[in-house]
RNA sequence: GGAAGGAUGGGUGAGUUGGUUUAAACCAGCGGUUUGCUAAACCGCCGUACGUUUGAAAAGGCGUACCGAGGGUUCGAAUCCCUCUCCUUCCGCCA
């Protein structure tokens, strides 16, 4: 959400910066509606003042007059609320302004690779995809998931299930003991207002799973990422300066409809309706965002370093960033079967964009209430990390060597071999 | 699911026969006086949002709203009525 006062004073600059994003919101009428809204507020408040004075005077002769004023106020209020609603509708669907160092472009072709790390080991055999490996091991079962649930779900079994759990524990341990994050086990459902706070609603409702509790209950949604619930911890709060920075980590299932990706990544567990992800969220002073983004991204890549998986870091261009982000780094891991890098983490600074929606503030040095900076990043997506380990650590016979860093979490097991039948 | 009670400013907590409440008081916080230092005492300040206005700015002035949320009654609502949310206690059910 943007500050209407800023837009009012810097309309041309604002329009120009937003035009770099794939924005569909209509900006042209914004200032007119804003003006109308403010005029109506003024008219209304003038009348309210009159009414208040009459009431104070207790002059019975004026009581009738006061009643008439009430009718007018009601009319003005209706109009004003309509204008305000229009204004909010437009404002809430405008994406964040990209930071100045974000490359300009309309799609992923304009993203820039910043760094490539880790050794891609050449193998003497043809490397298999994770789903071939998993099915051969008898530990990834897509057919069973279709039977019980539907497409884009999977059963992870046996030692791979253990590895999935191990990855989660391994990552959380590093982020809590090494990187200063506070572990949280949050609700997996969020209210409509919470979803609005981080920017999933109202614009991206089609991507969300809605849950019915009671028939008259407020709308609830399965979280598409723990970012939603972790960031909203500070919703409607005024924090002390000494509270910051707040850093949260959670490992949760995430639920996404993947509505816009029919036919994409249909094979395997790259793109699922449900997947585990370790999420990092930072709440910081608003001028510390970019510094924190570097820190957070390093926390994410640290995991890949320790697992000795080859990866690269890219900066997303203006057109490829998420709705709430001002700057985003994607971390992509090497997948030998595809011979390309695939996204395994996305770290974004949202500046004050989300905190305005959530009304999350802190008292700065001057004791003024100012909006917090929020950041989120995956550290990392568990499902995709599992895939990356399987593919990069596969042996010719289809077994998986367990990375050293993971062995303490897997009873010091060294390799996963096919279940003998 | 049933019953009862509750929700007031950063915290505690008055006010609920509707009109000097422009929300008392205390605690915490900030500034000051006193003081060898600390403490204590005393004095002052101390909510948020929106709109508007003075000013180059810093900083003010004015107005409106806000006592869990939303409606209603009334000239006038923290106070009366309705709906909802959340919390507490008890009962039932339950991993």
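Residue numbers (this note's numbering): 5 to 425.
Each residue gets a CB set at the ideal place from its N, CA and C atoms; glycine is no exception.
In this text, all values refer to a predicted model and were calculated from it rather than measured experimentally.
Item	Value
What runs of the beta strand (DSSP E), each 3 residues or longer, lie entirely inside the stretch 246-306?	250-259, 278-288
Quick one: is residue 212 buried, meaning 16 or more other Cβ sit within 10 Å of its Cβ, or exposed?	buried
For residue 304, collect the residues of the same chain with a Cβ closer than 8 Å to its Cβ; drop the 5 residues on either side in sequence, then sort them by chain order.	284, 335, 349, 351, 381, 382, 383, 384
Return the residue from the list 108, 193, 399 that minimises the CA-CA distance to residue 20.	108
Mind checking residue 340: buried by the 16 CB within 10 Å criterion, or exposed?	buried
Tell me the DSSP secondary structure of residue 367 in three-state form.	strand
Check whether the Cβ atoms of residue 353 and residue 297 lie closer than 8 Å to each other.	yes
With distances taken between CB atoms, is the gap from residue 100 to residue 259 smaller than 8 Å?	no
Taking Cβ to Cβ, would you say residue 115 is nearer than 8 Å to residue 274?	no
Name, in chain order, the residues that DSSP records as bridge partners for residue 240.	Beta-bridge pairing links residue 240 to no other residue.
Give the straight-line distance between the Cα atoms of residue 394 and residue 128, rounded to the nearest whole angstrom.	17 Å
Can you check whether the CB of residue 374 is closer than 8 Å to the CB of residue 365?	yes
Do residue 261 and residue 386 count as a contact pair if the criterion is CB distance below 8 Å?	no
Where does residue 439 land, buried or exposed, given buried means 16+ other C-beta within 10 angstroms?	Coverage of the chain is limited to positions 5 through 425, which leaves residue 439 absent and any answer about it impossible.
What residue range is occupied by the uninterrupted beta strand (DSSP E) comprising residue 378?	377-385
On the DSSP bridge assignment, give the partners of residue 351 in chain order.	333, 381
In the DSSP assignment, the alpha helix (DSSP H) including residue 225 goes from what residue to what residue?	Careful: residue 225 lies outside any alpha helix (DSSP H), inside the beta strand (DSSP E) at 224-226.
Within 10 angstroms of its Cβ, does residue 266 collect 16 or more other Cβ (buried), or is it exposed?	exposed
Cβ atoms of residue 317 and residue 332: under 8 Å apart, would you say?	no
Report yes if the CB atom of residue 73 is closer than 8 Å to the CB atom of residue 51, and no otherwise.	yes
Which of the three DSSP states is assigned to residue 195 in this structure?	strand
With distances taken from CA atoms, which of 142, 391, 200, 323 is nearest residue 422?	142
Relative to the C-alpha of residue 368, which candidate in 343, 243, 195 has its C-alpha closest?	243
Tell whether a beta-carbon distance below 8 Å holds between residue 156 and residue 196.	no
Tell me, to the nearest whole angstrom, how far the beta carbon of residue 188 is from that of residue 252; I am working on the premise that it is less than 8 Å.	5 Å
Give the secondary structure of residue 148 by DSSP, where H, G and I count as helix, E and B as strand, and everything else as coil.	helix
Once DSSP output is grouped into helix, strand and coil, what is the label at residue 119?	strand
Could you name the residues that DSSP lists as bridge partners for residue 345?	338
Going by the DSSP bridge assignment, what does residue 398 pair with across the sheet?	404
Assuming residue 203 and residue 239 form a contact by the criterion Cβ under 8 Å, report the distance between their Cβ atoms to the nearest whole angstrom.	Not really, about 13 Å apart at Cβ, beyond 8 Å.
Report yes or no: do three or more beta-carbon pairs, one from the stretch 157-167 and one from the stretch 50-65, lie closer than 8 Å?	no
How many angstroms separate the CA atom of residue 131 from the CA atom of residue 148?	25 Å
Apart from the five residues on each side of it in sequence, which residues of its chain come closer than 7 Å, Cβ to Cβ, to residue 169?	none
To which residues of the same chain is residue 249 closer than 6 Å at the C-beta, ignoring the five residues directly before and after it?	286, 288
As a quick exercise: from 123, 13, 377, pick the residue whose alpha carbon is nearest that of residue 291.	377
Looking at the strands, I want to know which residues DSSP matches up with residue 21.	BP columns for residue 21 are empty, so no partner.
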